[in-house]
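Below is one structure; the comments refer to it alone.
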Amino acid sequence: MASNETTGINGAASTMASEAMPYLSTQSEPNQTWQITLAGKVIAITGANRGIGLVTAEVCPANSARVVHSLDLMDPSENFATLQRNTLISNTSKPT
Numbered sequence: 770m771a772s773n774e775t776t777g778i779n780g781a782a783s784t785m786a787s788e789a790m791p792y793l794s795t796q797s798e799p800n801q802t803w804q805i806t807l808a809g810k811v812i813a814i815t816g817a818n819r820g821i822g823l824v825t826a827e828v829c830p831a832n833s834a835r836v837v838h839s840l841d842l843m844d845p846s847e848n849f850a851t852l853q854r855n856t857l858i859s860n861t862s863k864p865t
């Protein structure tokens, strides 16, 4: 057996590739666009009254969502109320 050969599972000799593995990257291409379309979609977001949920609710209309519903246990924050007045976002908070 030559030095670049190995024995496979079934006992047959196989030659190892002398080529290097291609460079793999997790980086996006320079011209990559991350915008998605939510055209005509109805979006329901839990916790959209504050924090990450609020930010997510803000970008949905910018990506053409038809309507966004906030499902939250807390009363709407002032930021959410402003967003709701300016866009097609509804609030379904837990009744008090």
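In our numbering, the protein residues as written are 770 to 865. Ideal Cβ positions, reconstructed from N, Cα and C, are used throughout, including at glycine.
Do you know whose CA, among G809, D844, L852, lies nearest T825's CA? L852
What does the Cβ neighbour count give for D844, buried or exposed, with the cut at 16 atoms within 10 Å? exposed
Please look up how many angstroms separate the CB atoms of L793 and S833, rounded, as I've assumed it's under 8 Å. Not a contact, Cβ separation roughly 34 Å.
DSSP on I812, reduced to helix/strand/coil? strand
Run the proximity test for P830: is its beta-carbon closer than 7 Å to any non-hydrogen atom belonging to the ligand ZN? Among the components of this structure there are no ligands whatsoever, and the ligand ZN is therefore not found.
Measuring straight from C-alpha to C-alpha, what distance separates R835 and L842? 23 Å
Quick one: is S839 buried, meaning 16 or more other Cβ sit within 10 Å of its Cβ, or exposed? buried
According to DSSP, residues forming a beta bridge with V836: V811
Going by the beta-carbon positions, is the gap between Q828 and I814 smaller than 8 Å? Here residue 828 is Val; the residue named in the question, Gln, does not match the sequence. Going by C-beta atoms, V828 is not nearer than 8 Å to I814.
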